[in-house]
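Chemist: Sequence lines, in order, name chains A and B.
The first sequence maps to residues 135 to 520 in my numbering.
The second sequence maps to residues 135 to 520 in my numbering.
For every residue, glycine included, the Cβ atom is placed at its ideal position computed from N, Cα and C.
There are 2 protein chains.
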Amino acid sequence: VTTSSRNLLLTPGPTPVPPAVAAAAAAPIPHHRSAEFRETFERVLASLRRVYRTDNDVVLYAASGTAAFESAYANLLSPGDRVLVATAGNFGDRWVKMAEAFGAEVEVLRFGWGTRPDPAAIAERVVGRADLAVAVVVHSETSTGSLLDLESVARLSSDRSAVLVVDAISSLGAAPLETDAWGLDVVVTGSQKALMCPPGLAFASVSARALERSRSARTPRFSLDWARAIDAQRKGQSPFTPPISLIAQLDVALAMIEADGLQARFARTRAMGAGLRAATRALGLELYSPDDPACSLVTAIAWPAAIDGEAIRRRLRSEHGITAAGGQGEAKGRIIRFGAFGAIEAQDLVAGIAALEIELVQAGHVVELGTGVGAFLRAYVEAESR
Amino acid sequence: VTTSSRNLLLTPGPTPVPPAVAAAAAAPIPHHRSAEFRETFERVLASLRRVYRTDNDVVLYAASGTAAFESAYANLLSPGDRVLVATAGNFGDRWVKMAEAFGAEVEVLRFGWGTRPDPAAIAERVVGRADLAVAVVVHSETSTGSLLDLESVARLSSDRSAVLVVDAISSLGAAPLETDAWGLDVVVTGSQKALMCPPGLAFASVSARALERSRSARTPRFSLDWARAIDAQRKGQSPFTPPISLIAQLDVALAMIEADGLQARFARTRAMGAGLRAATRALGLELYSPDDPACSLVTAIAWPAAIDGEAIRRRLRSEHGITAAGGQGEAKGRIIRFGAFGAIEAQDLVAGIAALEIELVQAGHVVELGTGVGAFLRAYVEAESR
Numbered sequence: 135v136t137t138s139s140r141n142l143l144l145t146p147g148p149t150p151v152p153p154a155v156a157a158a159a160a161a162p163i164p165h166h167r168s169a170e171f172r173e174t175f176e177r178v179l180a181s182l183r184r185v186y187r188t189d190n191d192v193v194l195y196a197a198s199g200t201a202a203f204e205s206a207y208a209n210l211l212s213p214g215d216r217v218l219v220a221t222a223g224n225f226g227d228r229w230v231k232m233a234e235a236f237g238a239e240v241e242v243l244r245f246g247w248g249t250r251p252d253p254a255a256i257a258e259r260v261v262g263r264a265d266l267a268v269a270v271v272v273h274s275e276t277s278t279g280s281l282l283d284l285e286s287v288a289r290l291s292s293d294r295s296a297v298l299v300v301d302a303i304s305s306l307g308a309a310p311l312e313t314d315a316w317g318l319d320v321v322v323t324g325s326q327k328a329l330m331c332p333p334g335l336a337f338a339s340v341s342a343r344a345l346e347r348s349r350s351a352r353t354p355r356f357s358l359d360w361a362r363a364i365d366a367q368r369k370g371q372s373p374f375t376p377p378i379s380l381i382a383q384l385d386v387a388l389a390m391i392e393a394d395g396l397q398a399r400f401a402r403t404r405a406m407g408a409g410l411r412a413a414t415r416a417l418g419l420e421l422y423s424p425d426d427p428a429c430s431l432v433t434a435i436a437w438p439a440a441i442d443g444e445a446i447r448r449r450l451r452s453e454h455g456i457t458a459a460g461g462q463g464e465a466k467g468r469i470i471r472f473g474a475f476g477a478i479e480a481q482d483l484v485a486g487i488a489a490l491e492i493e494l495v496q497a498g499h500v501v502e503l504g505t506g507v508g509a510f511l512r513a514y515v516e517a518e519s520r
Numbered sequence: 135v136t137t138s139s140r141n142l143l144l145t146p147g148p149t150p151v152p153p154a155v156a157a158a159a160a161a162p163i164p165h166h167r168s169a170e171f172r173e174t175f176e177r178v179l180a181s182l183r184r185v186y187r188t189d190n191d192v193v194l195y196a197a198s199g200t201a202a203f204e205s206a207y208a209n210l211l212s213p214g215d216r217v218l219v220a221t222a223g224n225f226g227d228r229w230v231k232m233a234e235a236f237g238a239e240v241e242v243l244r245f246g247w248g249t250r251p252d253p254a255a256i257a258e259r260v261v262g263r264a265d266l267a268v269a270v271v272v273h274s275e276t277s278t279g280s281l282l283d284l285e286s287v288a289r290l291s292s293d294r295s296a297v298l299v300v301d302a303i304s305s306l307g308a309a310p311l312e313t314d315a316w317g318l319d320v321v322v323t324g325s326q327k328a329l330m331c332p333p334g335l336a337f338a339s340v341s342a343r344a345l346e347r348s349r350s351a352r353t354p355r356f357s358l359d360w361a362r363a364i365d366a367q368r369k370g371q372s373p374f375t376p377p378i379s380l381i382a383q384l385d386v387a388l389a390m391i392e393a394d395g396l397q398a399r400f401a402r403t404r405a406m407g408a409g410l411r412a413a414t415r416a417l418g419l420e421l422y423s424p425d426d427p428a429c430s431l432v433t434a435i436a437w438p439a440a441i442d443g444e445a446i447r448r449r450l451r452s453e454h455g456i457t458a459a460g461g462q463g464e465a466k467g468r469i470i471r472f473g474a475f476g477a478i479e480a481q482d483l484v485a486g487i488a489a490l491e492i493e494l495v496q497a498g499h500v501v502e503l504g505t506g507v508g509a510f511l512r513a514y515v516e517a518e519s520r
């Protein structure tokens, strides 16, 4: 095998940046108070609302997804407020730690890593709870590949006083999410996932109820303050100097996403996920992510006990130019994760599976070369044609 | 005059992005946990420390300069702590508002807009004050063009218990600033000023004293937390997904800055400032920024009463492709501001002054064309040759 000079990201974020989006970053930057930038900014905000499926304000931050998520705690909480976090992995755990850092009384509802949380169990902890200020759920738990049935959570907990905050950092634009139809109060996402941009932008949609609650929340905040950002954005402005070049890239990426259509993108992700699960089985490997068509955004594969998986993952990078993600937290060293959204397409995953097969065989795993790729293609084409 | 299709930024931020820095944004992005990115990240952090003239940690944020500044309050304050803010313009006023948002007891030391703050007056309010938690000064007040004699402030207030926080957002890399030699505790800057990058990255250096104080500060914070970021950065990592493409750009820009040399850049800014002040006088206009060689980063020119300055500024943009800044706050509509740092060079300012002359004459201001440009060139060359 000759060493590849490629650099193919098959990670569930950052995802590959399409050439047209990359090129947009190199254009001369306009001043952020110019009419030219204002036009771009307003177009981006309008497009974001369509992708979010909302008429709510979507606040744009120069920030990591983590900081945009933090805006929910910073704007909604006063010291001692009660927060429920439903967690089934590393990112849910991060929101628990963050809630503790904000001085909240935190209730943690844990689900097993690699399992899908039970919507009824979440709703049960939310409905009829006047004492609960905020309920946090993770839509796509990127660390395990588990996708929450968010629609059911929202429906079953519609009779709540808590503000529902959704970590959709790696799901928005990759899986169905209806901010308004499902009554989601705060939905957070980032630029470097399904939105096909480099990291550095992140977003939070804010419902009327969330905005109302923020007016009495006493946590100090300034740059994350929703009211300040929304006031500026409604005038086509950003409250502070915005990341002009990243916004120019997002403008191009959102146009591509809208031209493609959200439904087409969701279907592609589901077909790629079906292919990855079929390849896993055909290669005699075990899924770590749930074996469920809904959980197609991230496919996590468990390494067999006899295989040094981290060595294979390093060789995918060094010999094949392919970056896949490893495990985090309790799954560290035990799994490999492939993303199937953003600009990642079937041919990229074919390259990834082919490289994985080569390395598995060299590591002594008994399988006929082509088995995984063949299974991927059959399942993918079948799912696509449905 | 034919209309220009140029887009020349002569604003004191964002400043123009050099082509090599622009091109770096379009390269494929590596994963942020890859060895390749780690190498870039560590190189950038080391270079930042050299430009900052410090051995302290310099925390890198995916953020506006405002949010990086906010990290000082978030990490240093507990509710009710006393903060002194010395302000002589719009940005100083922002740090007053922000301190209030953080529940601090705020003391405001005001200096006139367009004047240079008196270092002794600041030191007098800081020295021997055991009750003062934080003292805030603005190095370059971008809204007026006033540069603080920061060295004197630091020297005169060296016997202080307060943590000294410096807004160097538009000055670091454009004017002398010795973080360690002057004993500056926290120095904040942004990517889109002297560092020649698009906006979206911002930085805060943290002295041992500041870090120590942050351990007992009770303001809730997570993404802005210094200790978390420093722990990660010392391992060559970022605590959250970093803005990979912007960091790749910063890597190129910092190499350019270091190849040029800080002293050469400071000298160029001083020469360009001398040129702009000479042009102002030659054109029969009045300076709004201080008439002082130290105040060369931003030159603010007051519009004559008979001239509709905002109309001229619009025409600079529409007819000449040149963006200059207007006034903010109490100077709104009254001044025009030119930046003279970052990638802005003398030939850019020559273009700016030439366009300004054309528009002044068309608006009825009596001056012979070429007067301003000639004065600029003579003062610039004289200052350069010193």
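1) At what residue ranges does the region 182-231 of chain A contain a whole run of the alpha helix (DSSP H), taking only runs of 4 or more?
2) Leucine 143 of chain A touches chain B at which residues, Cβ-Cβ below 9 Å?
3) Give the interface partners of methionine 232 of chain A over in chain B, defined as CB-CB distance under 7 Å, in chain order.
4) Under 7 Å, Cβ to Cβ, is there at least one residue of chain B near valine 219 of chain A?
5) Any beta-carbon of chain A closer than 7 Å to the one on serine 379 of chain B?
6) Three or more C-beta pairs closer than 8 Å, one from the region 291-306 of chain B and one from the region 262-278 of chain B: is that the case here?
7) By Cβ distance, which residues of its chain are closer than 8 Å to phenylalanine 225 of chain B, with the 5 residues on each side in sequence left out?
8) I want to verify the contact list: residues of chain B whose CB lies under 8 Å from the CB of valine 151 of chain A, in sequence order.
9) Please check if any C-beta of chain A sits within less than 7 Å of the C-beta of phenylalanine 337 of chain B.
10) Given a cut-off of 7 Å, decide if glycine 307 of chain B and leucine 329 of chain B are closer than it, judged by their beta-carbon atoms.
11) Since alanine 366 of chain A contacts phenylalanine 356 of chain B with CB under 8 Å, what's their CB separation in whole angstroms?
12) Phenylalanine 475 of chain A to arginine 399 of chain A, Cα distance in whole Å?
13) For serine 295 of chain B, which of helix, strand or coil comes out of DSSP?
14) Taking C-beta to C-beta, are tyrosine 186 of chain B and alanine 336 of chain B nearer than 7 Å?
15) Looking at C-alpha atoms only, which residue of A:Leu143, A:Gly147, A:Ala159, A:Asn141 is the closest neighbour of valine 386 of chain A?
16) Note the first and the last residue of the continuous beta strand (DSSP E) segment covering leucine 243 of chain A.
17) Serine 212 of chain B versus chain A: which residues are under 9 Å apart at the beta carbon?
18) Note down the Cα distance separating isoleucine 109 of chain B from glutamate 518 of chain A, rounded to an integer number of angstroms.
19) May I have a chain-ordered list of the alpha helix (DSSP H) segments no shorter than 4 residues that lie completely inside the region 440-486 of chain A?
20) Taking only beta-carbon atoms, is proline 333 of chain A less than 7 Å away from chain B?
21) Quick one: complete beta strand (DSSP E) runs, 3+ long, within the region 288-371 of chain A?
22) Starting from the C-beta of leucine 524 of chain A, find all residues in its chain whose C-beta is less than 7 Å away, skip the five residues before and the five after it, and write them out in chain order.
23) Out of A:Phe245, A:Leu282, A:Val230, A:Gly246, point me to the one whose CA is closest to glutamate 239 of chain A's CA.
24) Would you list the residues sitting across from leucine 421 of chain B in a DSSP beta bridge?
25) So what does DSSP say about glutamate 392 of chain A, is it helix, strand or coil?
26) Sort B:Ser198, B:Arg167, B:Pro164, B:Val192 by Cα distance to proline 377 of chain A and report the nearest one.
27) To which residues of the same chain is proline 213 of chain B closer than 6 Å at the C-beta, ignoring the five residues directly before and after it?
28) The beta strand (DSSP E) with leucine 266 of chain A in it runs from where to where?
29) Glutamate 275 of chain B bridges to which residues according to DSSP?
30) Below 8 Å on the Cβ atoms is my guess for serine 379 of chain B versus proline 332 of chain A; work out the distance and round it to an integer in Å.
31) Using three-state DSSP, classify leucine 384 of chain B as helix, strand or coil.
32) From aspartate 265 of chain B to arginine 343 of chain B, what distance separates their C-alpha atoms?
33) Got a sec: is the Cβ-Cβ distance from serine 198 of chain B to anything in chain A below 7 Å?
34) Which chain B residues sit within Cβ distance under 7 Å of proline 251 of chain A?
35) Between the C-alpha atoms of aspartate 191 of chain B and arginine 512 of chain A, what's the straight-line distance to the nearest angstrom?
36) Identify each residue in the region 309-327 of chain A for which the Cβ-Cβ distance to at least one residue of chain B is less than 8 Å, and report them in chain order.
Modeler: So, from the data block:
1) 199-210, all fully within the region 182-231 of chain A.
2) As a first step, residue 143 of chain A must be located in the first sequence, where it is residue number 9. Scanning chain B for C-beta atoms nearer than 9 Å to the C-beta of leucine 143 of chain A yields Pro162, Ile163, Pro164, His165, reported in chain order.
3) As a first step, residue 232 of chain A must be located in the first sequence, where it is residue number 98. Phe356, listed in chain order.
4) Within the first sequence, residue 219 of chain A is the residue found at index 85, counting from 1. It does not: the Cβ of valine 219 of chain A has no partner Cβ on chain B nearer than 7 Å.
5) Mapped onto the second sequence, residue 379 of chain B falls at position 245. Under the Cβ criterion of 7 Å, serine 379 of chain B is counted among the residues facing chain A.
6) Counting Cβ pairs under 8 Å, three or more are found: they touch.
7) Within the second sequence, numbered from 1, the residue matching residue 225 of chain B stands at position 91. Excluding positions up to five away in sequence, the list reads Val272, Glu275, Thr276, Ser277, Asp301, Ile303.
8) Here residue 151 of chain A corresponds to residue number 17 of the first sequence, with the count starting at 1. Within 8 Å Cβ-Cβ: Pro162, Ile163, Ser379.
9) Reading the second sequence from its first residue, position 203 is the one you call residue 337 of chain B. Phenylalanine 337 of chain B does not count as touching chain A.
10) For the purposes of this step, residue 329 of chain B is taken as the residue at position 195 of the second sequence. For the purposes of this step, residue 307 of chain B is taken as the residue at position 173 of the second sequence. A contact, by the Cβ cut-off of 7 Å.
11) As a position in the first sequence, residue 366 of chain A is number 232, starting the count at 1. As a position in the second sequence, residue 356 of chain B is number 222, starting the count at 1. Rounded, the Cβ-Cβ distance is 24 Å, inconsistent with contact.
12) Indexing the first sequence from 1 puts residue 475 of chain A at position 341. Indexing the first sequence from 1 puts residue 399 of chain A at position 265. Computed Cα separation, rounded: 8 Å.
13) Numbered from its first residue, the second sequence carries residue 295 of chain B at position 161. Here DSSP, grouped into helix, strand and coil, assigns serine 295 of chain B to coil.
14) Reading the second sequence from its first residue, position 52 is the one you call residue 186 of chain B. Reading the second sequence from its first residue, position 202 is the one you call residue 336 of chain B. Cβ distance not < 7 Å, so tyrosine 186 of chain B and alanine 336 of chain B don't count as in contact.
15) Your numbering for residue 386 of chain A matches position 252 in the first sequence. For valine 386 of chain A, the nearest C-alpha among the options comes from A:Ala159.
16) Walking along the first sequence from the start, residue 243 of chain A turns up at place 109. Per DSSP, leucine 243 of chain A belongs to the beta strand (DSSP E) from 239-244.
17) The count along the second sequence starts at 1 and reaches residue 212 of chain B at position 78. For a Cβ distance threshold of 9 Å, nothing in chain A lies close to serine 212 of chain B: the least Cβ distance comes to about 11 Å.
18) Residue coverage of chain B in this structure runs from 135 to 520, which leaves residue 109 of chain B outside it and unanswerable.
19) Annotation: the region 440-486 of chain A contains the following complete segments of the alpha helix (DSSP H) (minimum length 4 residues), in chain order: 443-454.
20) As a first step, residue 333 of chain A must be located in the first sequence, where it is residue number 199. At least one C-beta of chain B is nearer than 7 Å to the C-beta of proline 333 of chain A.
21) Entirely contained in the region 288-371 of chain A, the beta strand (DSSP E) runs reaching 3 residues are, in chain order, 297-301, 320-324, 335-340.
22) Given that chain A is displayed from residue 135 to residue 520, the structure contains no residue 524 of chain A and the question cannot be resolved.
23) The residue given as residue 239 of chain A occupies position 105 in the first sequence. Of A:Phe245, A:Leu282, A:Val230, A:Gly246, the residue nearest in Cα terms is A:Val230.
24) Working through the second sequence from its first residue, we reach residue 421 of chain B at position 287. DSSP, once it has assigned bridges, lists B:Ile435 as partnering leucine 421 of chain B.
25) As a first step, residue 392 of chain A must be located in the first sequence, where it is residue number 258. DSSP places glutamate 392 of chain A in helix when its eight states are reduced to three.
26) Along the first sequence, read from residue 1 onward, the residue named residue 377 of chain A stands at position 243. The shortest C-alpha separation from proline 377 of chain A is found at B:Ser198.
27) Numbered from 1 along the second sequence, position 79 holds the residue referred to as residue 213 of chain B. Same-chain partners within the cutoff: Gly237.
28) For the purposes of this step, residue 266 of chain A is identified with residue 132 of the first sequence, where counting begins at 1. Counting along the chain, the beta strand (DSSP E) containing leucine 266 of chain A begins and ends at 266-272.
29) Locating residue 275 of chain B in the second sequence gives position 141, where the first residue counts as 1. Per the DSSP secondary-structure output, glutamate 275 of chain B pairs in a beta bridge with B:Ser280.
30) As a position in the second sequence, residue 379 of chain B is number 245, starting the count at 1. As a position in the first sequence, residue 332 of chain A is number 198, starting the count at 1. That pair is a contact at about 4 Å.
31) Counting from 1 along the second sequence, the entry for residue 384 of chain B is found at position 250. Look at leucine 384 of chain B here: in three-state DSSP terms it is helix.
32) Along the second sequence, read from residue 1 onward, the residue named residue 265 of chain B stands at position 131. Along the second sequence, read from residue 1 onward, the residue named residue 343 of chain B stands at position 209. Straight across, the Cα-Cα distance linking aspartate 265 of chain B with arginine 343 of chain B is about 16 Å.
33) Within the second sequence, numbered from 1, the residue matching residue 198 of chain B stands at position 64. Chain A has a Cβ within less than 7 Å of the Cβ of serine 198 of chain B.
34) Translated into positions along the first sequence, residue 251 of chain A becomes position 117. Near proline 251 of chain A there are no residues of chain B at all, since even the closest Cβ is about 23 Å away, more than 7 Å.
35) For this step, residue 191 of chain B is matched to residue 57 along the second sequence. For this step, residue 512 of chain A is matched to residue 378 along the first sequence. Their Cα atoms are separated by approximately 53 Å.
36) Taking 8 Å as the upper bound on Cβ-Cβ separation, chain B lies near residues Gly324, Gln326 of the region 309-327 of chain A.
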